[in-house]
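Q: Before we start, here is the structure in question, set down as structure tokens.
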């Protein structure tokens with residue numbers, strides 16, 4: 100079972116000519132973020148909460164994952180993006196098997212999505228396609 104703690108997410112989303120920045124700076128500390136769905140691919144339980152972190156890019160809060168799960172996910176509800184970009188800043192804090200985080204797109208549910216994942220322990224970034232809970236590597240690059 101993988102244990103990953105990811106402590107910092109800042110997600111600028113670009114919609115046509117408008118830039119929208121999503122952060123957790125006004126969210127309630129110690130609670131899951133409103134408008135997001137915490138879930139898992141595989142086994143275990145994800146524990147996503149907003150926490151105070153003085154190293155946050157936009158201060159004062161970050162989104163933290165402290166549960167134990169195979170592949171914990173936190174998906175932003177009601178998100179649509181076409182011909183844009185997503186930028187995520189993350190800080191791997193702990194984990195013996197993985198210290199990873201990334202961006203999920205085209206998510207239908209917790210078992211069907213694409214993900215670009217960066218792993219601090221492996222020094223790589225990998226694109227995966229997950230279908231019916233089974234993850235397949237599409238492309239990998241060393242950092």
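Residue numbers (the working numbering): 100 to 242. Each residue gets a CB set at the ideal place from its N, CA and C atoms; glycine is no exception. Quick caveat: nothing in here was measured; it's all calculated off a predicted structure.
In this structure, how does DSSP classify residue 202 when only helix, strand and coil are distinguished?
A: Here residue 202 corresponds to residue number 103 of the chain shown, with the count starting at 1. Residue 202 falls in the strand class under three-state DSSP.
Q: Return the chain-ordered list of same chain residues with a C-beta closer than 7 Å to the C-beta of residue 131, the five sequence neighbours on each side being excluded.
A: Counting from 1 along the chain shown, the entry for residue 131 is found at position 32. For residue 131, where only same-chain residues beyond five positions count, the Cβ hits under 7 Å are 137, 147 and 148.
Q: How is residue 155 classed by DSSP in three states: helix, strand or coil?
A: Here the question's residue 155 lines up with position 56 in the chain shown. Coil at residue 155, not helix or strand.
Q: Pop quiz: residue 180 and residue 139 are said to be a contact at Cβ under 8 Å. What is the actual Cβ separation, rounded to whole angstroms?
A: Locating residue 180 in the chain shown gives position 81, counting from the first residue. Locating residue 139 in the chain shown gives position 40, counting from the first residue. Between residue 139 and residue 180 the Cβ distance is about 23 Å, and since that is not below 8 Å, they are no contact.
Q: What is the DSSP secondary structure of residue 141, counted as helix, strand or coil?
A: The residue labelled residue 141 in the question sits at position 42 within the chain shown. Residue state, collapsed to three classes: strand.
Q: Is residue 137 near the ligand HEM, in the sense that its beta carbon is under 7 Å from a heavy atom of that ligand?
A: In the structure on display, the ligand HEM does not appear, and there are no ligands present to speak of.
Q: Please report the Cβ distance between residue 230 and residue 215, rounded to the nearest whole angstrom; I am assuming they are in contact, meaning their Cβ atoms lie under 8 Å.
A: On the chain shown, residue 230 is found 131 positions in, with the first residue counted as 1. On the chain shown, residue 215 is found 116 positions in, with the first residue counted as 1. Between residue 215 and residue 230 the Cβ distance is about 16 Å, and since that is not below 8 Å, they are no contact.
Q: Are the segment 149 to 166 and the segment 221 to 236 in contact at 8 Å, needing three or more beta carbon pairs?
A: Taking 8 Å as the limit for Cβ pairs, the verdict is that the segment 221 to 236 does not touch the segment 149 to 166.
Q: I'd like the ranges of any alpha helix (DSSP H) spanning at least 4 consecutive residues and lying wholly in the segment 160 to 202.
A: none
Q: Would you tell me roughly how many angstroms separate the C-alpha atoms of residue 155 and residue 239, rounded to the nearest one?
A: Your numbering for residue 155 matches position 56 in the chain shown. Your numbering for residue 239 matches position 140 in the chain shown. CA-to-CA, the gap between residue 155 and residue 239 works out to about 28 Å.
Q: Suppose contacts are defined by Cβ-Cβ distances below 8 Å. Is residue 143 in contact with residue 167 by that definition?
A: Here residue 143 corresponds to residue number 44 of the chain shown, with the count starting at 1. Here residue 167 corresponds to residue number 68 of the chain shown, with the count starting at 1. Between residue 143 and residue 167, the CB-CB gap stays under 8 Å.
Q: Which residues mark the beginning and the end of the beta strand (DSSP E) in which residue 236 is found?
A: In the chain shown, counting from the first residue as 1, residue 236 sits at position 137. Residue 236 -> beta strand (DSSP E) spans 233 to 241.
Q: DSSP on residue 222, reduced to helix/strand/coil?
A: To locate residue 222, count along the chain shown from 1; it is residue 123. Coil at residue 222, not helix or strand.
Q: Can you tell me which of the three DSSP states residue 128 falls into?
A: Translated into the one-based positions of the chain shown, residue 128 becomes position 29. The answer is coil: DSSP assigns residue 128 none of H, G, I, E or B.
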